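The sequence shown runs 734 to 1201 under this note's numbering.
Ideal placement from N, C-alpha and C gives every residue a C-beta, glycine not left out.
Predicted, not measured: the structure shown is a model, and the values here were computed from it.
Heads up: the structure comes next, in C-alpha cells.
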Amino acid sequence: MNYYKPGLSSIFWGLIIVFLNFDINGVSLLPNFVGFLLVLSGLREVVKQNERVNTLVPWTYGLIVLSAIAWFSSFIRVDTEQAMQQQAGFLTIDLPVIDLFFIADGVEQVLTLVFVILLMNYYIQLVKHSSEEQWGLTFIRRRNFYVAVNGLLLFSMPFVVLFPGWLPILFIFLLLLSFIAFIRVLMTAYRMKKIAETETFVELEGMEQIKPFYVTRKKLTITALVVIILSWAGSILWLEQWRIEEPLLLPAFIATTGDDYASVYYVHNGKPDDMEPQFTFYNEFEQESTIFYEGYFAIGQLRFRTGDHEGLKDLENSEFRLSYGNFLKNNGQLYYLELPELNIDPSKYMELQGGSGDASGYSLTFKVKKSFQMIEELAVPFPNEVYDYFTFAWEDSSKNKEFEEGEIVTFTIQPKEMESYQQLATFQSPVRIVVDGGEGEEIIDVGWIDYYPTFSMGSLKDYVRQFK
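As C-alpha cells, this is what we get:
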C-alpha cells in the first residue's frame, strides 16, 4: 500500500490549519495544535513507508504541547498588565507579559522554524526520487527564504520594544515576508501531495538518511541560537527594568478654592486611549487621556472638574483605581488642599498685566495700584516639600519687599535644577500673598499659576528609579 498519498495529504491540510488563524476576542477558532495533530497523523502514515521521516516526529509532539498551552491560556490567562502598550508613530505595540505563556509562545516559534526546515529537507530529498525532480531547486530556494525571513523575525522581535520609533516599520515588512514564506511552504506541501497521488516513490534505496541541520551545521546553529537568545534576554531585562505594574503619580502641588479644574499626571507604559478612570464614588469627570509618548514611557492626564475634588483625596490616600483595574500609585507625591474663599478685592493693591510660561518657568506681571509691604510672598500652606521642587521670587527694585504705587513687579516660579525627575512636578495654585497697606495685614489672591513641565525620557527614568 502507498502510504505517501494519505500521509502527505494530511501534512498539507494540517499545515493549512496552522496557517489559518481566525481570532474572536483573542481566541483562535482553529487552534494550532489541531493542525499539528493532523501533521502528526500524516507523519505516522509516511513512517510506515519510510522510517527516515521519524526525525520530524519528536518536534511535532513538542509543537502540539506548546501550541495547546498557548491556546488554552487564552481562556485562563488573567492580563494584569493592560497598561503595557506603547505608541510608535501610527502603531500601538502590545508589550509582552513575561510569564510561562510568553516563554511557551517563544519556544513554539523556534520549534516551528526547526520543524519546517526538517520538513522542507525531507520534501527536497523525496522529490529527487520522483519524476518531477526539477522541483528540487525550487524547494531549496523556498526553504532558504523561509529560514532567512523567520530567523531575522525572531532576532528583531525584541528590538521593537527597545526602538519603537522606527523598527516597527521594518518588523511589519518582515511579517509580510514571513506570510509569503509560509505560503511557499504550503505550496511545497501541496506539490508533494499532488505528486504522491500519481507516484509511489519506489526508488528510495538511494535516499540519504535525514540528518538535522543542527547536527550537520553545529557551529552555525549554536551561533544563531546564541545571537537570538542574547537579543531576547537583553530586551526582557530592559522590559522588566522599566515595567510599571501600577502607574506612578508624578509630583503634584494643587491648591484650589473649588472653582477651577485640577490636573494630575502619571507615568505608565502606554495604554489605549479609550479607557476612562473609575472613581470609588459617583460623580462626573472628564475622560483621561495619554498626552505624551517617549519610547517606552507615556504620561497620562486626569482632569478633575469643579466639585469633583473628592477624587483627589482618594488619590492622595492611594485609593484611586483606573478603569483597567490598577490603582494609581501615590508615593507621597501629591500635596492637595482646598483654600477658603477670600473676600478682599486684589485689585485694591495690584492689577494683573499679563503672564507667560514654559518648562523653564512661569511668570505673572503686575502694576502696583496702592503702596504696600509684602509680609509673606506665598501664603499657600503647602508642606515644605514644595520648596524642594520650585523657586519662587518677586522681582522688584526693593530689597525689603516694599512696593510703590505705579511700580511694575513680576512674580516667577521656576523648577529647581537638582534632580531631573524633580522637574516633572506640577504646581497649580492661586498666587496668595500677605500684605500690609497701612491698615493691617491682609491676604489677597493676585493671580493663578498652572505650571506643567516638559517631559523627557531621562527625567521619567530617573523618577521610575526612585519608586520602582
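Within this structure, are the beta carbons of residue i and residue j separated by less than 8 angstroms?
i       : j       : result
Asp1195 : Tyr1154 : yes
Pro928  : Ser863  : According to the sequence displayed, residue 928 carries Ile and not Pro. Result yes, Cβ atoms of Ile928 and Ser863 sit closer than 8 angstroms.
Ile977  : Phe1188 : no
Val1101 : Glu1140 : yes
Leu1045 : Leu982  : no
Ala1092 : Ala985  : no
Phe1160 : Phe1200 : no
Phe1030 : Asn1076 : no
Ile857  : Ile836  : no
Tyr994  : Phe1025 : no
Pro891  : Ser806  : no
Ser889  : Phe912  : no
Tyr736  : Gln782  : yes
Leu907  : Leu885  : yes
Applying the 10 Å Cβ sphere with the 16-neighbour rule, what's the burial state of residue i?
i       : result
Gln867  : exposed
Gln974  : exposed
Arg876  : buried
Ser1192 : buried
Val1000 : buried
Thr956  : exposed
Pro791  : exposed
Thr813  : In this predicted model, Thr813 has a pLDDT of only 43, less than 50, meaning its place in the structure is not dependable; the value taken from the coordinates is given anyway. By the neighbour-count rule (16 or more Cβ atoms within 10 Å), Thr813 is not buried but exposed.
Tyr732  : The chain is shown from 734 up to 1201; residue 732 falls before or after that span and cannot be answered.
Leu748  : buried
Ser1078 : Position check: residue 1078 holds Asp in this sequence, whereas Ser was assumed. Label assigned to Asp1078: exposed.
Ala803  : buried
Asn1063 : buried
Assuming the contact rule is C-beta atoms closer than 8 angstroms, residue i and residue j should be a hit. Round their C-beta distance to whole Å, please.
i       : j       : result
Phe766  : Ser800  : 4 angstroms
Ser742  : Gly775  : 7 angstroms
Phe1136 : Ser1104 : 6 angstroms
Thr793  : Val772  : 6 angstroms
Ser1080 : Gln1034 : With a Cβ gap of about 33 angstroms, Ser1080 and Gln1034 do not count as contacting.
Gly1173 : Leu1085 : With 8 angstroms as the limit, Gly1173 and Leu1085 do not qualify as a contact, their Cβ atoms being about 24 angstroms apart.
Leu796  : Thr845  : 6 angstroms
Glu1052 : Leu1067 : In fact, because the Cβ distance is near 12 angstroms, the residues do not count as touching under 8 angstroms.
Tyr1082 : Gly1170 : 6 angstroms
Val843  : Leu887  : 7 angstroms
Met853  : Thr921  : 7 angstroms
Glu1027 : Met1190 : 5 angstroms
Requested in this report: Write down every uninterrupted run of the alpha helix (DSSP H) in the stretch 1039-1107 whose length is 4 residues or greater and which is fully enclosed by it, in chain order.
Outcome: 1043-1049
Query raised in the report: For the 8 angstroms Cβ check, are there 3 or more pairs between the stretch 1162-1178 and the stretch 1104-1111?
Result: yes
Requested in this report: Decide yes or no for the touch test of the stretch 872-882 against the stretch 846-857: beta carbon pairs closer than 8 angstroms, at least 3 of them.
Outcome: yes
Query raised in the report: Taking one C-beta from the stretch 903-919 and one from the stretch 978-992 each time, how about it: are there three or more such pairs within less than 8 angstroms?
Result: no
Query raised in the report: Hey, is the stretch 1093-1100 in contact with the stretch 1145-1152, meaning 3+ C-beta pairs nearer than 8 angstroms?
Result: yes
Query - Uninterrupted alpha helix (DSSP H) stretches inside the stretch 831-890 (no shorter than 4 residues) - result: 833-861, 868-889
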